[in-house]
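> If you count the sequence shown from 1, you need to add 141 to reach the numbering used here. Glycine is no exception: its CB is placed at the ideal position from the N, C-alpha and C atoms. Every value quoted in this text rests on a predicted model; they were computed, and no experiment measured them. My questions all concern the structure below.
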Amino acid sequence: MHHFNYRDNELYCEDVPIKLIAEKVGTPFYLYSHATLKRHFLTFNDAFDGVDRLICFSAKANTNLAVLKLFADLGGGLDIVSGGELYRGLKAGIPPEKIVYSGVGKRKDEIDYALSVGILMFNIESLEELELINDRAGLLKKKAPVAIRVNPDVDPKTHPYISTGLEKNKFGIDTDAAIEGYKIAGELKNIDVIGIDCHIGSQITEVEPFKDALNSIKTLINELRGLNIGIKYIDMGGGLGITYDDESPPHPGEYARSIIQAIEDMHVKLILEPGRVIVGNAGILVAKVLYRKPGKAKEFVIVDAGMNDLVRPALYDAFHAIKPVVEIEGEQIVADVVGPICETGDFLAVDRRVADLRQGDLLAVMSAGAYGFVMSSNYCSRLKVAEVMVRDDRFHVIRARQNYEHLIEGESIPPFL
Ligand code: LLP
């Protein structure tokens, strides 16, 4: 039950007919269900009941202020990868002491920002970064709390673009070098070593890779404790997959059990950084059919949302189910559902069996709440779409559609032209 359901042949989000929102807001727009967001967050959090933990929602999956505020109100923390995400998190009311900062390329100004507000910890991805953070903390007269992001070299069995825990990936530090890293960190005056971190990939649909990663982390913690390096936090990253099509990822309960068993005797606080599993199926993209075009080889349904609005199909060959907002009787068709952009990769679905969608019909691109709007761009000077949140029988535009003025904001023509 995701709160996107048909009632009398019409798709609703909670108690609001989606057609009504489209009439008021225009298309395309992203639409999020408050009840689904809340339920997903709480289900994930409750799965770890009895364990000392902090759920740091991974901002990159969906950074809308309203979405972040909802999680802040539920006691959530935040996993960030940029100064911009830190700014958004603070604006949304996430306490800095619940924010963890990952990413291989933290800049000096971003490090200073995070030090000055006092985040929970930096997840360190290289020795040079460790040294820079130590220097900056010294200048700001702070102590920087850190974890080292370890690359446990496990195969998460997911799309190569989103697997991060393999030796050949740019993320983290391999386990041998990590020990050295911890020794160095322990000597640095302005560094406070408090944790260990790993994140092996995204859209993972089995528990085994998580277990393997955790086992290698446990071995490392024991080794570190032998060296008198205390570890108070284990950050297991994110990565739990969702159902887009016919995948059957483990329920958060099963995922949690496998982690809880493994850390029972470790005396640590657990941090998790879920993104997709919380927001992915809590959001959809609503678009409208502009034209139908029968071709010699294919039938095309041309819609008003393109790869600049939802890039996942073009970038990862990702599957997103497509449903008519008002059910259509009769035979389905097989078609490519494509956007208005001048690239062959601009598709939402290829050779897909869909309802007999005609000019003017509304369609819902499902499972678009994660890595949807956040990855959208102004390519082809297309305006970024609106975002809407529904709660029961109310809806609110949580991000206005851009207008042409926004497109040229900050641009200027030099005097020498
Ligand atoms: N923590 C770290 C350090 C991460 O790099 C990520 C995602 C997460 C947590 C959250 O992972 P999740 O629970 O959402 O799987 N754009 C791609 C996904 C990229 C994921 C990047 N890192 C997509 O659309 O599939």
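By the 10 Å Cβ neighbour count, where 16 or more other Cβ atoms means buried, how is E472 classified, buried or exposed?
exposed
> Do A563 and V334 have their CB atoms nearer than 9 Å?
There is no way to answer for residue 563, as the model of the chain reaches only from 142 to 558.
> Quick one: which unbroken beta strand (DSSP E) runs of 3-plus residues sit fully inside the segment 188–227? Chain order, please.
194–199 and 218–221
> Between L503 and V467, which are expected to be in contact by the criterion C-beta below 8 Å, what is the C-beta distance as a whole number of angstroms?
7 Å
> For I358 and V295, which I take to be in contact (beta-carbon distance under 8 Å), what is that distance rounded to the nearest angstrom?
Wrong, their Cβ atoms sit about 10 Å apart, outside the cutoff.
> Just list the residues that DSSP pairs E364 with in beta bridges.
E364 is not bridged to any residue.
> Give the range of the beta strand (DSSP E) segment to which K434 is assigned.
G424 to P435
> What three-state label does DSSP hand I463 in the structure shown?
I463 falls in the strand class under three-state DSSP.
> Between the segment 370–379 and the segment 158–176, can you find at least three pairs of beta-carbon atoms closer than 8 Å?
Too few Cβ pairs lie closer than 8 Å, so no.
> Can you pull the DSSP bridge partners for M262?
V241
> By a C-beta neighbour count over all protein chains shown, 10 Å radius and 16 as the cutoff for buried, is I554 buried or exposed?
exposed
> Between the alpha carbons of D190 and A403, how many angstroms are there, rounded?
15 Å
> Take S508 as the anchor and find which of G336, K247, Y545 and D386 has the nearest alpha-carbon.
D386
> For the ligand LLP, is there a heavy atom less than 8 Å away from the beta-carbon of Y173?
no
> Taking just the CA atoms, how far does D497 sit from Y153?
20 Å
> Anyone know if the C-beta pair for K283 and L256 falls short of 9 Å?
yes
> On the CB-based measure, 16 or more other CB atoms within 10 Å of its CB, does E405 come out buried or exposed?
exposed
> Determine the contact status of H175 and R540, defining contact as a CB-CB distance below 9 Å.
No.
> On a CA-only basis, which of I320, H537, P297 and R148 is nearest N310? Give me that one, please.
P297
> Ordered along the chain, which non-local residues of its own chain (more than five positions away) have a Cβ less than 7 Å from that of A428?
T168, P169, V444, D445, A446, L504 and V506.
> Alpha carbon to alpha carbon, what distance is there between L524 and Y545?
7 Å
> Under 9 Å, do T305 and H340 count as touching if we go by C-beta distance?
yes
> Which residue wins for smallest C-alpha separation from L329, given the options K352, R180 and R277?
R277
> Let me know the secondary structure DSSP gives D149 once reduced to three states.
Residue state for D149 is assigned as coil, using DSSP reduced to three classes.
> Along the chain, which unbroken stretches of the beta strand (DSSP E) at least 3 residues long are found entirely within the segment 254–331?
262–265 and 285–292
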